[in-house]
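Read through the structure below, which is laid out as structure tokens, and then see the notes.
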Amino acid sequence: MHTFTLDKPDNLVDWWQESVDHYADKRLVGTKNKDGVYEWATRREINTRIDNLRAGLAQLGVGEGDAVGIIANTRLEWTYGNIACGLHERVLSLPSG
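Residue numbers (the numbering used here): 115 to 211.
Below, the structure written as structure tokens:
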């Protein structure tokens with residue numbers, strides 16, 4: 115087991131980036147495909163998706179204090195969107211249901 119010490123990042127953005135920097139190519143989440151086989155994603159892959167979502171939020175003019183509604187069934191992409199909101203200008207996501 116590998117461990118590292120965090121210097122207590124002050125915010126979610128720094129915490130996430132430190133996690134990506136230290137464990138970029140380690141598996142983070144897995145989902146079952148239609149054949150029942152797990153497909154894994156690394157922090158680097160997830161970070162790329164989240165960065166793309168954050169860029170999209172910025173391009174749409176979403177900024178600090180705004181609320182974003184995520185209306186979707188529970189799935190991994192919902193989680194990416196929720197994290198992207200949390201990392202982007204302190205935007206609050208409003209889950210449905």
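Built from N, CA and C at the ideal position, the CB exists for glycine as well.
From a predicted model like this one, the values you see are computed outputs, not experimental measurements.
Straight across, the Cα-Cα distance linking residue 202 with residue 144 is about 24 Å.
Separation of the CB atoms of residue 167 and residue 137 is rounded to 20 Å, and the pair is thereby denied contact status at 8 Å. Residue 169 sits exposed, since fewer than 16 C-beta atoms from the chains shown fall within 10 Å of its C-beta. The Cβ atoms of residue 198 and residue 164 sit closer than 8 Å to each other. In the DSSP assignment, residue 164 falls outside any beta strand (DSSP E) and within the unbroken alpha helix (DSSP H) covering 157-173.
In the three-state scheme derived from DSSP, where H, G and I count as helix and E and B as strand, residue 205 is classed as coil.
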